[in-house]
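Read in order, the letters of the sequence shown are residues 33 to 297 in the numbering used here. Note that the Cβ used here is the ideal one computed from N, Cα and C, for glycine as well. As structure tokens, the structure follows; a few thoughts come after it.
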Amino acid sequence: IKDSSQSQTPNIRNYISKARCLNQPDPLAVCCVPQFIEGQKSPLISRKIGKSKSSSKINYLNCGETNTNKISNGNQSFPGEFPFMALLAYEGIGGTKDFKCGGSLINSRYVLTAAHCLTIPNLIAARLGENTIGKTEDCFKILNGKTVCAPPVIDYGIDEKIIHPSYNSPRRVNDIGLIRLREEVPLDNRNFVNTICLPDPEVLTNQKSRTRFLVAGWGRTENSQRSNNLLKALIPRQPIDECKSIFGLDYLEDDKTICAVERIW
33 IKDSSQSQTP NIRNYISKAR CLNQPDPLAV CCVPQFIEGQ KSPLISRKIG KSKSSSKINY
93 LNCGETNTNK ISNGNQSFPG EFPFMALLAY EGIGGTKDFK CGGSLINSRY VLTAAHCLTI
153 PNLIAARLGE NTIGKTEDCF KILNGKTVCA PPVIDYGIDE KIIHPSYNSP RRVNDIGLIR
213 LREEVPLDNR NFVNTICLPD PEVLTNQKSR TRFLVAGWGR TENSQRSNNL LKALIPRQPI
273 DECKSIFGLD YLEDDKTICA VERIW
């Protein structure tokens, strides 16, 4: 890690520095993940999101930082492990909130999600900071045994829904969209709410070498029940023909599709 740090971004070098176990420069030591790492103040890299009215920028130096100081058993995540996850709320019967989709916060004003989630009627809010739906307070123990509780969740109103212009529902093509939030999301403390890192061209070019992918969400589990807990799973990459067979989508193109699926039968 030390030898490779010169070629890393300032944020990665800062992370490595704060993650050292020992202060002595010579002994070899396993790097322990800090309980909380404060993101450094850094200039924003300007990148417009379509023809958006927003002047918000995407911060590429502080995105993707998570609280990874606790190893979770099974597939259940813990508060702050995926701080960029957004839970989409739809108005239900009697004014209740029904949570049917998820997304990822990409900057202080926009959530990236699937286009089909934006076609569901009565989308009213994007919830940030959630871990377990219906739980008043999300708490967990850190390595020293101390209990840490996440701040209350916040529901942000929807200002605009942007569906990919070439989205094709029957063919499941270009199933991607954006949600513009009604107000800015404070990102001063990124321990429990943070932005996800969008892939740069190099990552997209090299993605074919990846054999496993990490997924997270409140979706349906193997027993078809929707989970109230934010779950995570590593799923293996499969040949494109596998997805064509499983989903009956013969028209999928290898250069435009990542096929990752775990068979449970």
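| query | If we ignore side chains and look at the alpha-carbon of each, how far apart do ALA292 and LEU119 end up? | reply | Distance between the alpha carbons of ALA292 and LEU119 is about 23 Å.
| request: Kindly indicate the opening and closing residues of the alpha helix (DSSP H) around CYS149. | output: Start and end: 147-150.
| message | At 4 residues or longer, what runs of the alpha helix (DSSP H) sit wholly inside the segment 203-268? | response | The qualifying runs are 233-238.
| task | Note down the Cα distance separating LYS132 from ALA121, rounded to an integer number of angstroms. | result | Between LYS132 and ALA121, the C-alpha separation is close to 7 Å.
| field | Straight-line gap, LYS80 to ARG242 (C-alpha atoms, nearest Å) | value | Because the pLDDT at LYS80 is just 34, under 50, the model does not fix this residue reliably, and the value given afterwards should be weighed accordingly. If I take the Cα positions, the gap works out to 29 Å.
| message | Can you list, in chain order, the residues of its chain with a C-beta nearer than 8 Å to that of GLY96? Leave out the 5 residues immediately preceding and following it. | response | Only PHE116, ASN226, THR227, ILE228 and CYS229 meet the Cβ criterion.
| query | What are the uninterrupted segments assigned as alpha helix (DSSP H) that are 4 or more residues long and contained completely in the segment 114-189, given in chain order? | reply | Given a length threshold of 4 residues, each whole run of the alpha helix (DSSP H) inside the segment 114-189 is given here in chain order: 147-150.
| request: Can you say whether TYR283 is buried or exposed, counting buried as having 16 or more other CB atoms within 10 angstroms of its CB? | output: TYR283 is exposed by the Cβ-count criterion.
| query | Over what stretch of residues does the alpha helix (DSSP H) that includes ASP273 continue unbroken? | reply | First-last of the alpha helix (DSSP H) with ASP273: 272-279.
| field | From ASP170, ARG212, ASN221 and VAL180, residue whose alpha carbon lies closest to that of ILE190 | value | Closest option to ILE190, Cα to Cα, is ARG212.
| query | Which one of GLU113, LEU144, PHE110 and GLY124 has the shortest CA to CA distance from PRO231? | reply | Scanning GLU113, LEU144, PHE110 and GLY124 for the CA closest to the CA of PRO231 turns up LEU144.
| query | Would you call PRO111 buried or exposed, if buried means 16 or more other Cβ atoms sit within 10 Å of its Cβ? | reply | Taking every protein chain shown into account, the CB of PRO111 has 16 or more other CB atoms within 10 angstroms, so this residue is buried.
| query | Pick from TYR199, HIS196, PRO202 and THR168: whose alpha carbon is nearest that of ILE186? | reply | Considering only TYR199, HIS196, PRO202 and THR168, the residue with the shortest C-alpha distance to ILE186 is THR168.
| Contact set for GLY161: own chain, Cβ-Cβ below 7 Å, skip 5 residues either direction | Here the set comprises ALA182, PRO183, VAL185, ILE186, PHE224 and VAL225.
| Which listed residue (THR289, LYS129 and CYS149) has its alpha carbon closest to that of GLY209 | Of the candidates THR289, LYS129 and CYS149, the one whose C-alpha sits nearest the C-alpha of GLY209 is CYS149.
| field | Residue of ASN139, LYS193 and THR128 minimising C-alpha distance to ASN94 | value | Comparing Cα positions, the closest option is ASN139.
| task | Can you tell me which of PHE245, GLU113 and ALA248 puts its alpha carbon nearest to the alpha carbon of ASP170? | result | Measuring from the Cα of ASP170, the nearest candidate turns out to be GLU113.
| field | 8 Å Cβ shell around TYR188 - same chain, five flanking residues per side excluded | value | Answer for TYR188: ALA157, ALA158, ARG159, LEU160, LEU213, ARG214, GLU215 and VAL217, listed in chain order.
| said: What does the alpha-carbon distance come out to for the pair ARG269 and TYR142? | reply: Using only the alpha carbons, I get a separation of about 29 Å.
| C-alpha gap between ASN238 and GLN108, whole angstroms | Taken atom to atom, the span from the alpha-carbon of ASN238 to that of GLN108 is near 29 Å.
| message | Suppose you measure from the CA of SER201 to the CA of ALA147; what does that come to, to the nearest Å? | response | So the two alpha carbons sit approximately 9 Å from each other.
| task | Indicate the three-state DSSP secondary structure (helix, strand or coil) for ASP282 in the structure shown. | result | Coil at ASP282, not helix or strand.
| To the nearest angstrom, how far is it from the Cα of LEU262 to the Cα of SER198? | Linking LEU262 to SER198 through their CA atoms gives a straight-line distance of about 30 Å.
| query | PRO59: buried (16+ other C-beta within 10 angstroms of its C-beta) or exposed? | reply | The predicted position of PRO59 is uncertain, since its pLDDT is 45 and thus under 50; a value taken from the coordinates is nonetheless stated next. Exposed.
| Which one of GLU234, ALA265, PHE279 and PRO233 has the shortest CA to CA distance from PHE245? | Among GLU234, ALA265, PHE279 and PRO233, the Cα nearest to that of PHE245 is on ALA265.
| query | Is the Cβ-Cβ distance between TRP250 and GLY134 less than 8 Å? | reply | Contact: yes.
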